[in-house]
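> Residue numbers (the numbering used here), protein chains in the order written: chain B, 103 to 449; chain G, -17 to 513; chain X, 1326 to 1631; chain R, 1249 to 1571; chain S, 1036 to 1368.
Here a beta-carbon is modelled for each residue, glycine too, at the ideal position from N, C-alpha and C.
Here it is, the structure in full.
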Amino acid sequence: MLLLEVKNLDIDYKTQEGTLKAISDVSFTLRQGESVGFVGESGCGKTTLAKSIMKLLPKNGSISKGEIIFKGEDLVKKSKEEIRRIRHLKIAMVSQSAMNSLNPVYTVGDQIIEGILAHTNMSKKEAAKRAEEVFSIIGLEGKRLKSYPHQMSGGMKQRAIIAMALSLNPDLIIADEPTTALDVVVQDRILREILSIQKQMNSSMIFITHDISVVSEICDTIIVMYGGKIMEKASTKIFFKKPLHPYSLGLKNAFPSILDIGEELISIPGTPPNLMKNLSGCRFVERCPFRTTLCQSEMPVLREAGEDHLVACHYIDKHEAFTEAAELRETWEAVRSRIIQEKEEGA
Amino acid sequence: GGKEVVGPDNDVEMGDLVPSITILSSLPEANMVNYEMAQELVEELQKLGVDIKAEPTDFAVLLDRLYGEEGDYDAYTIGWSGRVERLDPDMFIHSINHSDNADPGGNNTNRYRNSAFDALADAQRQEMDINKRREYVFQAQQILAEDVPNITLYSRANVQVYDKERFDNVVNIPGEGLFNEWTPMWINPLTEDKILRVASNINLDTLNPLAAKSVYEWRNLRLIYDKLVRLSPEIEPIPWAATGWDVVNDTTIDIHLRDDMKFHDGVQVTAEDVKYTYELFIDRKVEYFASFLAPIDSIEITDENTVRFGLKYPYAPFITNTLTQIPILPKHIWENIDDPNEYANEKPIGSGPFIFENFRRGEELVVKTNKEYFEEIKIDGYIFNIFASPEGVLTALELHNIDMVSYDLVPAHIDLIKNNDGGKYNHLEMTEAQDIGFFYIGFNLDREPFNNKDFRIALSYLVDYDLALDVHLNGYGSRGGGGLVINAANEYWYNPAVPIYDTYDPERAKEILEEAGFTWDSNGKLRMPKE
Amino acid sequence: MSKTVVSTSIKSFFTSKKNSQGFFPVFINNLKRDKLALIGVILLIFFIGVGIFADFIAPYEPRERHYNEEGKIRRLEAPSKDHWFGTTDVGRDIFSQVVLGTKTALTVGILAALLVTLVGATVGIIAGYSGGVVDAVLMRIVDFFYAIPFIPFVIILSAVLKPSIWNIILAVSLLSWRTVARLVRSQVLSIAKRPFIKAAKVAGASHSRIMVKYILPNVIPLILLEMAFMVNFAIMAEASIAFLGFGDPQKPSWGQILHINFVTGNSRSAWWWTATPGLAIVLLLLSIFFITRALEEVVDPRLRRR
Amino acid sequence: MLGFIMKRIFTMVIMILLVSTMIFFLFRTMPGDPTAFIVDPSIPKEARDQLLERYGLNDSLWKQYTIFLKDLVRLDFGNSFFYGRPVTVIIKDLIPATLILMFTAMLFAYIIGILGGAWMAWKRGTKLESFGITISLIFRSAPSFWVGLMMILIFAVRLKWFPGQGMRTSGYTGETFREIFLTLDFLKHLILPSIVAGLYFVATPLLIMRNSMLEVLSEDYIEMAHAKGLKESKILYRHAARNALLPVITAGALFIGSAMGGLVLIEYVFSWPGLGREIQRAVVRHDYPLAQGAFIIIASLVMFMNLVADVLYVILDPRISYK
Amino acid sequence: MDTMPLIQIENLKKYYLVNNGIKDIFSKEKKYVKAIDDISLIIKKGEILGLAGESGSGKTTTGEILVRLQEPSDGNIIFDGHVFKANSKIEEKKFRKEVQMIFQDPYETLNPRFNIFDTIAEPLKIHGVKNRQDIYDRVIKALEIAELKPAEHYITRYPHELSGGQRQRVAIARGIVLEPKFLVADEPVSMLDVSIRADILNLLKNLRKKMGLTMLYVSHDLSTIKYLCDRIAIMYLGKIVEIGNVKDVIDNPQHPYTKVLLSSVPVADPDYKRQSIIIEDEVPDQIHLPEGCRFGPRCPYSTEDCKNFDHTLFERRTDQWSACIYNEEELRK
Ligand SMILES: Nc1ncnc2c1ncn2[C@@H]1O[C@H](COP(=O)(O)OP(=O)(O)OP(=O)(O)O)[C@@H](O)[C@H]1O
Ligand SMILES: Nc1ncnc2c1ncn2[C@@H]1O[C@H](COP(=O)(O)OP(=O)(O)OP(=O)(O)O)[C@@H](O)[C@H]1O
Ligand SMILES: [Mg+2]
Ligand SMILES: [Mg+2]
Ligand code: NI
């Protein structure tokens, strides 16, 4: 059963310099119990996408097109009050800066209880009990509920936030880089907890990170974003064996792994596109080693490239050649000189 | 080497440049007219090529300069207020012009020294015969008018108001205005409410006669405490708490007390009280009266109701100034007080026409009439209301909250009341009394160019006396003139026959200077006559 | 302690990627959008013009008395063709006085602000950068000045010194550098922690070089902003002191005009005499406040409208 | 916490001593004869010298200073030259008037400031906000004494709604605090000066509240609160306003301190019989002990309020602790 | 190849005095954060040493002391044969020329008011290079080594006109323009996107090749350390707990903390089944450190004996030292 269906979503930010197209034409689906990981470079629109689902976009941001169908209803069309009732109860969020997401002047317990009371008829006592329950689920002592945020370590705060998100058994958890600021040891533990709880509760999860190894460990599906668009979507297993999009290929090259033995890292030259401009072709065109004129004029749509595998590239068929070439340093060096050259011409 | 060329050749032939002059003037908020007049004089003198500037100076700083050891000043503006005791000419003739007082610290801050004048000033002081004394005073005025040791700019008028719908029979005295010692005693209430409400814009601070410093404190204290002699509205000394006095000789005076006087606590007033009080004031060095008490040599009780004062030297103002001022204190209270100077005296007990009721600092003093007093008083008492600023008084007058003001209205308010916009001041009667005090520009006669009499005379032609009176005082006051110290309002002592320099005529000033040998150099700067 | 909102948030000016553009371009850009700031600039230019050319603009000598055809003094006349702002109780032209007062206000404002920011910024930079004992000592001095109530102190100081605008400037400066010092210090503290300062140290830059070449340019926007506040503060202080009667009576200033108006008992009847100098103060200060608002947006990008 | 307060009080005492020392020497360098306003200039020089003697003004500066310090420790500021009464007594009489005016004005300023500031932050970017800011800046630009004059002109002289000066209608007598201060008459007198002072003060809490509110509104926990599906009003009051109030309140305590001094002008214009007006007069009259005493009291109040600000900060913000 | 040590650290300590609360003014006892507590290290010429460890373990502090941004509380640093004792003045200029540092945040390391040329020329100017041509040539050369080519394109730009990766290169160019012998890189890539991270890592790698640079590379990211470094030192609460060749340490960790750390690193391979060792995630209070082994309270293997342990490093395998009283075998039990 489909829990969430995002269709042709466009999100704009109004800025002093003009309109910034943070998300353009993004579509994806999420099944009950499925966890999907969003990865991509900084500024590619991951947070924007997450926030749009909860309709938490900043004042200057707006959904200009598209539908977000959650349990059969289009969230875009819902009123403020209706959205408010869905938030936390149905869709809960663990935000990017969990560290600062707790109000410093209230105890952690109060803040969890407050969330519960906003959506149920529970008494304060019951809510407190529930808070204790979720605290124990994520491995914190109940007495910690009385702590103020500043009395807790980063890892504990992060867990408290997760506990908060779980307190009403939401259908969907949106976790925006919940572990980025944490140590590996702590991160590891929290990831494990998230994973086990999500499986246990059978909620769906949208997990945002820039660390593909994290996705590989905890998500069923991976979505690679670039410049406000989805470049590739696949089940994690398939993706890590056989990424198809040139950008994904580049990412894999650039990612050092603790298991690797002396393979040389190759980065993707260039920078992400300026979303302020009106971009017509493929978003990755500037940095793509395999581009053609077609790529420059036409944005490829997300296409089926196998079971559970969607790719937005005009040349899916050539992926084998691409994969081979992508492992070579020269391929990417060529891009670098190309970019420099283009700049010079532009200047 | 070589010759220094100062200017065209004939400059060298001339006298010295007139030194640069600083007039220490009042600050505008302290005395606007003085301030303005000093500025005017500066402009006039600048036109005549004198290097001069005005320096508005804080009053305390001014006094420091005038009375300090250094005597470092050229000219200044200041004034003498017209307190009633100053109707006696001694203060203005002797204190401020006698050469004895011309040293640092003395009141003769003009450093005026004229032996002929000194002789007259001494003579009037010691002459107990009033007519002869008047003759001396007249002559002294003549000399001052010729020598112009200072230039009197103006005298203020005491413009005050009272509520004519509620009271009549008020007394208006030069130098004192409406709230004098007679008005509360004689005023006649026209309505059932027989409490007189007096407005003041000056604070009362203490009711201790030994600590009182302001005129306003005294104006109230002298109604609570009685005095041996009071000055009548015509400024004649009349025995009050005394039945009379005998001038035994030039230095011995007997005072005969009344025998029907009681303090407010019921205790009889005796000669002991009088002797005690005078000795207390002398002993305690009460600054306010120090100069009046200085001549007293001895005080004796000669019989039950007679006190004999022995003087060190003949002192003509003894009755008019000394006896009219010292309040009689109850010995039985004061002898038990450790430090009378610092005593709070929160419930003053006197023997005067009014009995103290209540005093709240900064707000009001309430007194009721002494029904057992030897004179009949028609009101039931009065409230002395202290206002923070004249603005408040004006509002209170509009609201009929006040029956009388005790200070001189500021010109802006005089106009407002006169215009009587909308008839809101219909109930008020405005009174005017000339002040015997005066404001003047004084000079340091020890310094050039003020040591030059002609220069001073020329200066007196540079002062626009009409401007001061008509523009700055709005007409409420009287004109000044060179060397004028006894005001026409002081009818008895004023010598109308003396011609004084009191016209504004810059051309004439120039002529006088030229005649006196002053010259202008090629830069237009005024130079002193060549020796 | 007194954290001005400005100081706490300034840090982000430099850290934010988009806003590291120059100070003035952003400001000018702001002017285009912010009408109030534009009004402020225009008004300020107007006042500065009036201040510079005051002697030409003022139609009369400020002390000149005016008489009517019958030779009577034009006492307390309401505004008219001849006297735009009316006359005083001795027939003086209030318009001329107000115009000349502009000069005084601007002189005091600008000089005091310069002095204050100079001292305050120097102390702030030295304290913030040096840290340790120097910082502690300087900050105790700042604390000391914070404990002194402003107006009463300036009253006393102007009474001790002779009444003159120079002494008012001195008095204002003596007490106000503390604010600038503290704000600058806190900003310097945060700048000094930033890696580019560390990098400079690693490169071997001397302390003075770091202070002058690295820290100073980065606190200049804040200093400019504070300077604008100080101009206002000083003008207000001068007016207040003069109004209380501690000003220089021979120097026409707005506070002085109001003081004379008040002490001569005309503040309740001659509205034109009370209103005009006050309005001048309001307009001048308002113009600078409008400008500081735009400046503030430059210094603190979070205040900017997107 | 107690230790912290103790330490702050200790530094405060040191500061008061320093400030007092400074003010002491400042006054001694003041030119002018302090007797000028106490006695008539016509009195003989000897008498004036006696007066100086009596006030100890002829002693060496050092001796005067040690006496001053000794007295200060006993909270004795000496006798006022002008009033001849102990300065402490005079100040005690004046302080209630000042404090009442001050707190009324602060209350007025804070209620308007906080509500207005929060509202302006909420309405950010709208015309209403610009309007609000402009109004508050106008009052910040207008000298309080001038606004006072204009208010008197309009409300007291023209409209006659309120009395324009003083603290009480003359003739009213009352003895106890209640009789003096808790009357309708007193309230009527209080309204204009406290509104004027309040209007002048209002910009501070208003702008701090607005900025602080803006800052808080951009905090992550506000977004989190939205994400929790809390009601808008709850977010505004429970999360945003509560946190935004922190700096406003602490700034408020600090501000009371500095506003103390600023009241001089308002008291002067409204002839309000308070400490501020008295300090102005005392300086004019060269009444050192009184001016000194009043100044030290005001300075101590300022410092005390700084202390209160620090303590409040600790109490209100659980993040800071001095345990 | 056994080369000379370039830097040798002996018993280095850095204690920060913390004024934690006002009560302290009444108590004599002073409280310290022991950011570095008695560590000794050797960095050989031409070697890249990786320094890893939990947040707050003292990595940055160590780096900053090495470039003398901070004074050590105690201990010696022997740089290129010169001994620098704690609190001793050193020949600043010469030292400054030979030791440089690169910081974590690419947006913060450059003065926003300097253009790129000024930024890189600054160290030269400080060190008295006056000839303008000389300066220009060296700036260009440094930029080219940092692979900002063509260099002329960049020199007039301001930092905000560059991308994160470019800024970090500029920072590196500034670091190498004086041709130092030793470079401390404090998490130079942790703020960069993955796609550009590799560039910087490669650049650092090449610097050693081109300039023979010795380097201390500070990071909490073991993957990048593995990629870049020859040897690795693991820090825990101000102590070095393990040190050895990168490969050895990662493949055969000897210290329990290293084991935990390694087991926690996520791996980008869905098929790889990682066995995490789960431990208490609360780090002990830095002021009140546990007795004996600092890792003791969290250590899955800890025993009573650990409470008396003084953090001596034992050579458990060749050139691989571990500060644990138990060797591999004992741990296995
Ligand atoms: N409030 C805003 N106003 C204008 N532009 C914005 C705003 N928020 C985000 N953007 C821009 O929208 C784009 C997408 O931002 P978003 O925060 O969604 O990226 P992200 O993928 O979450 O990046 P990161 O990995 O850095 O968190 C970026 O270019 C960003 O600069
Ligand atoms: N100036 C300072 N004063 C007091 N304590 C400090 C100071 N600088 C650092 N510390 C403390 O010293 C310890 C080590 O800090 P350091 O920055 O070296 O850690 P790190 O390993 O670099 O951490 P991270 O990975 O978070 O950068 C930390 O507990 C830190 O809080
Ligand atoms: Mg994000
Ligand atoms: Mg670090
Ligand atoms: Ni503060």
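1) Taking the Cβ atom as the reference point for each residue, do P1387 (chain X) and R1417 (chain X) lie within a distance shorter than 9 Å?
2) Name the two residues that bound the continuous beta strand (DSSP E) containing S129 (chain B).
3) Specify the secondary structure class of Y1271 (chain S) as computed by DSSP and reduced to three states.
4) Since F357 (chain B) meets chain S, which of its residues come closer than 7 Å, beta carbon to beta carbon?
5) Which stretch, first to last residue, makes up the alpha helix (DSSP H) that contains V1366 (chain X)?
6) Taking all protein chains shown into account, decide if Y349 (chain B) is buried (16 or more other Cβ within 10 angstroms of its Cβ) or exposed.
7) Buried or exposed for K226 (chain B), going by 16 or more other Cβ atoms inside 10 Å?
8) With hydrogens ignored, establish whether the beta-carbon of A277 (chain B) is closer than 8 Å to any heavy atom of ligand 1.
9) Please name the residue in G:A378, G:L48, G:I361 whose C-alpha comes closest to that of N367 (chain G).
10) Report the residues of the region 1511 to 1541 of chain R with a CB closer than 7 Å to any CB of chain G, ordered along the chain.
11) Less than 8 Å between the CB of V1053 (chain S) and some heavy atom of ligand 2, yes or no?
12) Just tell me which of R:L1397, R:M1551, R:Y1358, R:P1279 has its CA closest to the CA of G1603 (chain X).
13) Could you tell me which residues DSSP pairs with W502 (chain G) in its beta bridges?
14) Which stretch, first to last residue, makes up the beta strand (DSSP E) that contains G459 (chain G)?
15) Between R1333 (chain R) and chain G, is any beta-carbon pair separated by less than 9 Å?
16) Any residue with its Cβ nearer than 5 Å to a heavy atom of ligand 2 should be included. What is that list in chain order?
17) Provide the residue(s) that pair with W62 (chain G) in DSSP beta bridges, ordered along the chain.
18) Between F1434 (chain R) and R1416 (chain R), how many whole angstroms is the CB-CB distance? I'm expecting something under 8 Å.
19) Quick one: is D279 (chain G) buried, meaning 16 or more other Cβ sit within 10 Å of its Cβ, or exposed?
20) Between the region 371 to 402 of chain G and chain R, which residues of the former have a C-beta closer than 8 Å to a C-beta of the latter?
21) With a Cβ-Cβ cutoff of 9 Å, do P251 (chain B) and A262 (chain B) count as a contact?
22) CB-CB under 7 Å to I1260 (chain S), same chain, minus the five flanking residues each way: which ones, in chain order?
23) When DSSP labels each residue in this structure, what does F1325 (chain R) get in the three-state scheme?
24) Let me confirm a value: Y1485 (chain R) is counted as buried when at least 16 other C-beta atoms fall within 10 Å, else exposed. Which label applies?
25) Check each candidate in G:K353, G:M19, G:P38, G:K512 and name the one with the smallest Cα separation from T4 (chain G).
26) Starting from the Cα of E67 (chain G), find the closest Cα among G:Y58, G:G292, G:P299, G:D175 and give me that residue.
27) Heavy atom of ligand 4 less than 8 Å from the Cβ of Q1512 (chain X), yes or no?
28) Under 6 Å Cβ to Cβ from G462 (chain G), same chain only, skipping five residues before and after it: list those, please.
29) Quick check: the Cα distance between I1180 (chain S) and K1244 (chain S), rounded to an integer number of angstroms?
By the coordinates alone:
1) yes
2) 121 to 133
3) strand
4) V1229, A1303
5) 1360 to 1377
6) buried
7) exposed
8) no
9) G:A378
10) S1519, P1521, H1534
11) yes
12) R:L1397
13) G:L508
14) 459 to 464
15) yes
16) S:Y1051, S:V1068, S:A1070, S:S1090, S:G1091, S:S1092, S:G1093, S:K1094, S:T1095, S:T1096, S:Q1321
17) G:F420
18) 6 Å
19) exposed
20) S371, E373, G374, T377, A378, N383, I384
21) yes
22) G1085, A1087, Y1252, S1254, I1267, V1281
23) coil
24) exposed
25) G:P38
26) G:P299
27) no
28) T134, L135, Y136, Y447
29) 11 Å
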